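Q: In order, the protein sequence lines correspond to chains A, B, C and D.
Residue numbering for the first sequence follows our numbering, starting at 21 and increasing by one per position.
Residue numbering for the second sequence follows our numbering, starting at 21 and increasing by one per position.
Residue numbering for the third sequence follows our numbering, starting at 449 and increasing by one per position.
Residue numbering for the fourth sequence follows our numbering, starting at 449 and increasing by one per position.
Virtual Cβ for every residue (Gly too), placed ideally from N, Cα, C.
On a predicted model such as this, the values are computed, not experimentally measured, just so you know.
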Amino acid sequence: MKKFMLDLVIKKNISLSNQYALLILTSHDKLPEILPGQFAEIRVDGSSTVFLRRPISIHFVDYETNELWLLIQIIGDGTKKMADLKVGEIVNLLLPLGNSYSIPTNSEAKLLLVGGGCGVAPLLYLGAHLKSLGFDVNFLIGGRSSTDILQLCEYERFGNVFITTEDGSLGEKGFVTQHSVLRASNFDYIYTCGPTPMMKAIASYAAKINAICEVSLENTMACGIGACLCCVTDTIQGHVCVCTEGPVFNITKLKWQI
Amino acid sequence: MKKFMLDLVIKKNISLSNQYALLILTSHDKLPEILPGQFAEIRVDGSSTVFLRRPISIHFVDYETNELWLLIQIIGDGTKKMADLKVGEIVNLLLPLGNSYSIPTNSEAKLLLVGGGCGVAPLLYLGAHLKSLGFDVNFLIGGRSSTDILQLCEYERFGNVFITTEDGSLGEKGFVTQHSVLRASNFDYIYTCGPTPMMKAIASYAAKINAICEVSLENTMACGIGACLCCVTDTIQGHVCVCTEGPVFNITKLKWQI
Amino acid sequence: MANLDIKIGKLQLKNPVLTASGTFGYGSEYSDFMDISRIGGIIVKGTTLRERQGNPYPRMAETPSGMLNAVGLQNKGVEYFVKNIYPTVKNIDTNILVNLSGSIIEDYIEAAEILNELDAIPGIELNISCPNVKEGGMAFGTSCLSAAQVVREVRRVYKKDLMVKLSPNVTSISEIALAVEAEGADSVSLINTLLGMAINAEKRKPILSTITGGLSGPAVKPIALRMVYQVAQAVKIPVIGLGGIMNATDAIEFMLAGASGIQIGTANFIDPTVTIKVIDGIDEYLNRHGYKNVTEIIGAMEI
Amino acid sequence: MANLDIKIGKLQLKNPVLTASGTFGYGSEYSDFMDISRIGGIIVKGTTLRERQGNPYPRMAETPSGMLNAVGLQNKGVEYFVKNIYPTVKNIDTNILVNLSGSIIEDYIEAAEILNELDAIPGIELNISCPNVKEGGMAFGTSCLSAAQVVREVRRVYKKDLMVKLSPNVTSISEIALAVEAEGADSVSLINTLLGMAINAEKRKPILSTITGGLSGPAVKPIALRMVYQVAQAVKIPVIGLGGIMNATDAIEFMLAGASGIQIGTANFIDPTVTIKVIDGIDEYLNRHGYKNVTEIIGAMEI
Ligand SMILES: Cc1cc2nc3c(=O)[nH]c(=O)nc-3n(C[C@H](O)[C@H](O)[C@H](O)COP(=O)(O)OP(=O)(O)OC[C@H]3O[C@@H](n4cnc5c(N)ncnc54)[C@H](O)[C@@H]3O)c2cc1C
Ligand SMILES: Cc1cc2nc3c(=O)[nH]c(=O)nc-3n(C[C@H](O)[C@H](O)[C@H](O)COP(=O)(O)OP(=O)(O)OC[C@H]3O[C@@H](n4cnc5c(N)ncnc54)[C@H](O)[C@@H]3O)c2cc1C
Ligand SMILES: Cc1cc2nc3c(=O)[nH]c(=O)nc-3n(C[C@H](O)[C@H](O)[C@H](O)COP(=O)(O)O)c2cc1C
Ligand SMILES: Cc1cc2nc3c(=O)[nH]c(=O)nc-3n(C[C@H](O)[C@H](O)[C@H](O)COP(=O)(O)O)c2cc1C
Ligand code: FES
Ligand code: FES
Numbered sequence: 021m022k023k024f025m026l027d028l029v030i031k032k033n034i035s036l037s038n039q040y041a042l043l044i045l046t047s048h049d050k051l052p053e054i055l056p057g058q059f060a061e062i063r064v065d066g067s068s069t070v071f072l073r074r075p076i077s078i079h080f081v082d083y084e085t086n087e088l089w090l091l092i093q094i095i096g097d098g099t100k101k102m103a104d105l106k107v108g109e110i111v112n113l114l115l116p117l118g119n120s121y122s123i124p125t126n127s128e129a130k131l132l133l134v135g136g137g138c139g140v141a142p143l144l145y146l147g148a149h150l151k152s153l154g155f156d157v158n159f160l161i162g163g164r165s166s167t168d169i170l171q172l173c174e175y176e177r178f179g180n181v182f183i184t185t186e187d188g189s190l191g192e193k194g195f196v197t198q199h200s201v202l203r204a205s206n207f208d209y210i211y212t213c214g215p216t217p218m219m220k221a222i223a224s225y226a227a228k229i230n231a232i233c234e235v236s237l238e239n240t241m242a243c244g245i246g247a248c249l250c251c252v253t254d255t256i257q258g259h260v261c262v263c264t265e266g267p268v269f270n271i272t273k274l275k276w277q278i
Numbered sequence: 021m022k023k024f025m026l027d028l029v030i031k032k033n034i035s036l037s038n039q040y041a042l043l044i045l046t047s048h049d050k051l052p053e054i055l056p057g058q059f060a061e062i063r064v065d066g067s068s069t070v071f072l073r074r075p076i077s078i079h080f081v082d083y084e085t086n087e088l089w090l091l092i093q094i095i096g097d098g099t100k101k102m103a104d105l106k107v108g109e110i111v112n113l114l115l116p117l118g119n120s121y122s123i124p125t126n127s128e129a130k131l132l133l134v135g136g137g138c139g140v141a142p143l144l145y146l147g148a149h150l151k152s153l154g155f156d157v158n159f160l161i162g163g164r165s166s167t168d169i170l171q172l173c174e175y176e177r178f179g180n181v182f183i184t185t186e187d188g189s190l191g192e193k194g195f196v197t198q199h200s201v202l203r204a205s206n207f208d209y210i211y212t213c214g215p216t217p218m219m220k221a222i223a224s225y226a227a228k229i230n231a232i233c234e235v236s237l238e239n240t241m242a243c244g245i246g247a248c249l250c251c252v253t254d255t256i257q258g259h260v261c262v263c264t265e266g267p268v269f270n271i272t273k274l275k276w277q278i
Numbered sequence: 449m450a451n452l453d454i455k456i457g458k459l460q461l462k463n464p465v466l467t468a469s470g471t472f473g474y475g476s477e478y479s480d481f482m483d484i485s486r487i488g489g490i491i492v493k494g495t496t497l498r499e500r501q502g503n504p505y506p507r508m509a510e511t512p513s514g515m516l517n518a519v520g521l522q523n524k525g526v527e528y529f530v531k532n533i534y535p536t537v538k539n540i541d542t543n544i545l546v547n548l549s550g551s552i553i554e555d556y557i558e559a560a561e562i563l564n565e566l567d568a569i570p571g572i573e574l575n576i577s578c579p580n581v582k583e584g585g586m587a588f589g590t591s592c593l594s595a596a597q598v599v600r601e602v603r604r605v606y607k608k609d610l611m612v613k614l615s616p617n618v619t620s621i622s623e624i625a626l627a628v629e630a631e632g633a634d635s636v637s638l639i640n641t642l643l644g645m646a647i648n649a650e651k652r653k654p655i656l657s658t659i660t661g662g663l664s665g666p667a668v669k670p671i672a673l674r675m676v677y678q679v680a681q682a683v684k685i686p687v688i689g690l691g692g693i694m695n696a697t698d699a700i701e702f703m704l705a706g707a708s709g710i711q712i713g714t715a716n717f718i719d720p721t722v723t724i725k726v727i728d729g730i731d732e733y734l735n736r737h738g739y740k741n742v743t744e745i746i747g748a749m750e751i
Numbered sequence: 449m450a451n452l453d454i455k456i457g458k459l460q461l462k463n464p465v466l467t468a469s470g471t472f473g474y475g476s477e478y479s480d481f482m483d484i485s486r487i488g489g490i491i492v493k494g495t496t497l498r499e500r501q502g503n504p505y506p507r508m509a510e511t512p513s514g515m516l517n518a519v520g521l522q523n524k525g526v527e528y529f530v531k532n533i534y535p536t537v538k539n540i541d542t543n544i545l546v547n548l549s550g551s552i553i554e555d556y557i558e559a560a561e562i563l564n565e566l567d568a569i570p571g572i573e574l575n576i577s578c579p580n581v582k583e584g585g586m587a588f589g590t591s592c593l594s595a596a597q598v599v600r601e602v603r604r605v606y607k608k609d610l611m612v613k614l615s616p617n618v619t620s621i622s623e624i625a626l627a628v629e630a631e632g633a634d635s636v637s638l639i640n641t642l643l644g645m646a647i648n649a650e651k652r653k654p655i656l657s658t659i660t661g662g663l664s665g666p667a668v669k670p671i672a673l674r675m676v677y678q679v680a681q682a683v684k685i686p687v688i689g690l691g692g693i694m695n696a697t698d699a700i701e702f703m704l705a706g707a708s709g710i711q712i713g714t715a716n717f718i719d720p721t722v723t724i725k726v727i728d729g730i731d732e733y734l735n736r737h738g739y740k741n742v743t744e745i746i747g748a749m750e751i
């Protein structure tokens, strides 16, 4: 897929909490085709400490309104600067980068999309995409507390939503892997993105029930386009770049101990 | 004089042209005593290229409204960031730094304050101060064109104002050293700040008429408080720091060829 | 339009802007963003005789105005390059140079012999300065004796342009430059990365899997510029300058200090089209200052 | 409150934070901004036997995340120090150390003898690494032989704490550190500035009057941290780390890498109260991580 360097404009910046912001970007030109699971490399301007671009997942693309959504969790100065962007400001992005989640060949397949924290970011777009292809979509979203569970209504547009929180303040109490839906249904495909321990737990559950499982990995990236070889992960084929061979990996390719 | 590190608040930011901005800063606390000719070291935040503080003259202090004025000429990223400051934003300053213009002992002395470009900055406060001490103040302000001559009314509050522009678009046509007031009056004290060639021309005029002449020098500064020895100028006493022994120098102390 | 053509050693370039090894992949990674054939030369990834897996994750740490990397020369080896990559890159209408690394002299020689046979590769950049491999690599570049030895041996088998890339992690880079010049290097390029380190204070652990790594980016520019100036004064062969070049002004500074050409590395990550902007910016500078040929600004700094 | 007391060589410090020579004047320049006696140690301006005018203007250039300086050891000489400055600084209730520079060994010895007599100066920092003086200075610090020689001679006449400041402009800083340790240095401090250069492209001129100058600030931090780590592994005497420390996290990184103490230089220019913030930040870190003594984090990086 052809990659672009684009200047997009902030159309809305919705502060979801003091930790999360939803950026809605737009452009005069039509947004390019983007697949679910792909990411962008964002240039951060006006920071004395941020030097490199920051990888951020594509949260959602609305081709009708020509909107690109990014869900930002404030971690350090780069994400802070992004969360502080004002309507009308310009953001420079490289996109679309990386591979994407794979689409089941069997249209009857039972699908589960499991996200934790900011890891839900790519799943909204994936869910929307799967639904548009006629699949039934189930989201399972976990967080520490109800304040980590953001914008539920958006997910509900595209599928069923199941929730866990560690403190029980929303949905079932516990971790995503403890949610009753995992016992009630038998999923064929599990897509996940979130903290590594969560993804490992999901992967081991998937292995047990023989489901196909795809995880989205993070890594320290310099270029985002396969040029620097800084972002490798160890796979059964040796070191591969997460920014080009990933971020989405079928769990069977990774050398995870699960 | 005791120096302070202060966080002041932008009360107004008046864009005087696309090259100049007037920042009016204030504070809950009373501003410290500042003498005319002194400067501040401004910390520039939110720039990926500016590392050190920037020296900026004290343009004016209004103790009644507790306002500190800075006149900024946009040169590079540091001054650009200052000129872009928004009302309510915080600016960190070290001040008051450096020495000051000296006050004539003879209350009848005829005074001329000559400024060019952004060099007028310290002269407004100097003029106000001299007037408050009962002196008659004459400003001679030069620029390339009328767009370089800013905020005339402010100077008129404190003295007579004479103007030259190189293109003749305001005041007399030519350089400050060609203004008729230099022939009409015999000044005892000449205070000047501006581009070095201008100050040298003024200094040589002053020498000819036997006037006392004080110039305000610029230099590349790292600390602004005499700690780094980066800002020396050559004087009859050897290398001295412009940030502590200056920025104001009696012309007889410098090794200028005039 | 000024004339940007320049001859550097045995290379004829359409402009003095090259891409630095290890930061531009094999070129194709960037071809979506611009016409990469406009670049004066593309120096491809560090290549070794045999395949290398490189270092474990994490390989990168951001630092003030720079980055550390510990890639460790991950590549599939020279045979793979010849079979699978050469057939594609040879069609890019610019100079494609291979950056050649090794841990023992024999490996350098064997790989150089293979590369010597590739018609569309007009030269190699001999990397005797990589700080991210345990044996050899930087060791060659940090003593005159071993630097001279590896250049001598490679020169014997490699007939085309031989650019030697110097390590900045030395007391006197001019001495190393003189040593490799004496052995027949056609040009020297500098600097490779400076050996650095980053620590995560909260975790009390080094950030890189290899503890130390190579520092690049604008942070190192003042050091690189000084070294280019020193080396250009010392040697007669052309010097290619790099280290922290982010824009045309930086590139021009290196040329004024004595570089005949420049390379752009880390900056590609921040702006994938930076090379084109630098080429255009040099042209603009030459026009504005009334120069007809880019060669006029080489070493044109006035003291 | 954790215990920040630390012994470094013959020095007893109330905390491991010192100010770097040439960046903190004689201390008084900063006393309007804070209580400077809270600082573990103040290393005053580079002092030479005889008065030096230093280099001509311009002496400074800003660089990405750093700066170049070419002050060139401007100072009024050791006799002036003894007569006019010592009487004031000796009353500051912390360790006042003199940074001693020279261009010939005899000058070092003579000045060291004079400083040895000052009761309130518990030690000197021997600067064998200043890149901004034409003769001597850095030359001493770039070879084991000359570094050893100057330390040997000074050690003979100087009985109190002898901290030796190393140059980073070398192939192997550990070897130099070992050489000065063998001659009786009580500790080593590193790094001094890296030799760099800046050019004004529009004017086609070097920015500094001396063409090259010394690079400091966060840009050099990764290199400094690596060198401190290497030297701490090599020598038995304590290491004082510096180079680009801007905040407590940076300081802690140096200590984790093996430094017993740290110095803050360029950061003082951006925040004159940074030393106090670093002291408080180290204390906060120790408390948060359950350490009772600052000594526990020295070299505590886990590999
Ligand atoms: C493919 C991909 C997709 C991503 N998608 C999103 C997204 O949609 N939304 C979002 O908010 N974030 C996303 N991230 C993570 C995001 O890139 C990082 O949070 C961001 O780079 C941090 O930058 P910063 O300047 O805010 O923090 P920094 O100042 O760089 O880091 C602050 C602290 O966090 C640590 N840290 C930084 N980055 C990471 C990381 N990637 N993993 C673990 N620790 C880290 C640092 O070591 C440091 O201690 C994604 C990352 C990848 C690789
Ligand atoms: C005592 C003193 C008082 C000053 N008062 C004022 C004031 O009231 N208002 C005001 O606008 N400016 C004043 N200045 C000048 C101001 O400090 C510089 O314009 C500013 O530091 C430039 O910063 P920058 O980041 O915008 O530009 P930079 O990016 O630092 O510089 C851009 C270009 O300008 C050149 N340059 C930068 N600073 C200077 C300088 N001082 N002299 C000559 N060339 C320079 C640089 O070499 C570079 O080529 C004063 C300077 C001093 C020393
Ligand atoms: C991620 C990365 C990988 C690199 N790999 C190589 C390499 O394989 N061979 C080599 O000679 N230099 C390599 N380098 C060094 C660069 O070519 C260049 O010398 C250095 O980065 C300084 O230039 P810069 O500051 O413009 O990046 C690498 C640098 C980076 C950042
Ligand atoms: C303006 C300036 C002057 C300096 N003068 C001296 C000096 O006289 N003697 C010395 O040993 N080091 C001197 N140094 C080096 C510093 O002490 C320190 O080693 C270096 O700046 C690195 O630390 P930093 O990055 O924290 O500044 C000077 C540094 C600067 C910036
Ligand atoms: S980030 Fe450069 S190869 Fe993946
Ligand atoms: S700017 Fe540091 S002494 Fe003047």
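1) Taking 8 Å as the cut-off, decide whether the C-beta atoms of C:L516 and C:L656 are in contact.
2) Does ligand 1 have a heavy atom nearer than 7 Å to the CB of A:E238?
3) Please list the terminal residues of the continuous alpha helix (DSSP H) segment that includes C:A696.
4) Taking its Cβ as the centre, do 16 or more other Cβ atoms sit within 10 Å of A:Y83, making it buried, or is it exposed?
5) What residues in the region 510-534 of chain C have a beta carbon less than 8 Å from any beta carbon of chain A?
6) Report all residues from its chain with a CB closer than 7 Å to the CB of A:F59; omit the five preceding and five following residues, and keep chain order.
7) Please check if any C-beta of chain C sits within less than 8 Å of the C-beta of A:A247.
8) Quick check: what's the CA-CA separation for D:T536 versus D:N564?
9) Going along chain B, which residues have a C-beta under 9 Å from A:S77?
10) Run through chain D and tell me which residues come within less than 9 Å of B:R63, C-beta to C-beta.
11) Over what stretch of residues does the alpha helix (DSSP H) that includes C:R604 continue unbroken?
12) Measuring CB atoms only, is the region 522-536 of chain D touching the region 483-502 of chain D, in the sense that at least three cross pairs come out at less than 8 Å?
13) Where DSSP assigns a beta bridge to D:G709, which residues make up the other side?
14) Quick one: is B:N239 near chain D, going by C-beta distance under 8 Å?
15) Beta-carbon separation of B:V111 and B:I62 under 8 Å?
16) Residues of chain B with CB closer than 8 Å to the CB of D:G502, please, in chain order.
17) Note down, one range per segment and in chain order, each alpha helix (DSSP H) of at least 4 residues found wholly within the region 522-577 of chain C.
18) Quick one: does B:R203 have its CB under 8 Å from some CB of chain D?
A: A quick look at the data gives this:
1) yes
2) yes
3) 696-704
4) exposed
5) E510, T511, P512, S513, G514, M515, N517, V519, Q522
6) P75, I76, S77, I78, L117, G118, P267
7) yes
8) 18 Å
9) Simply none; closest approach about 25 Å.
10) I718, D719
11) 592-605
12) yes
13) D:I688
14) yes
15) yes
16) L249, V252, H259
17) 534-537, 553-564
18) no
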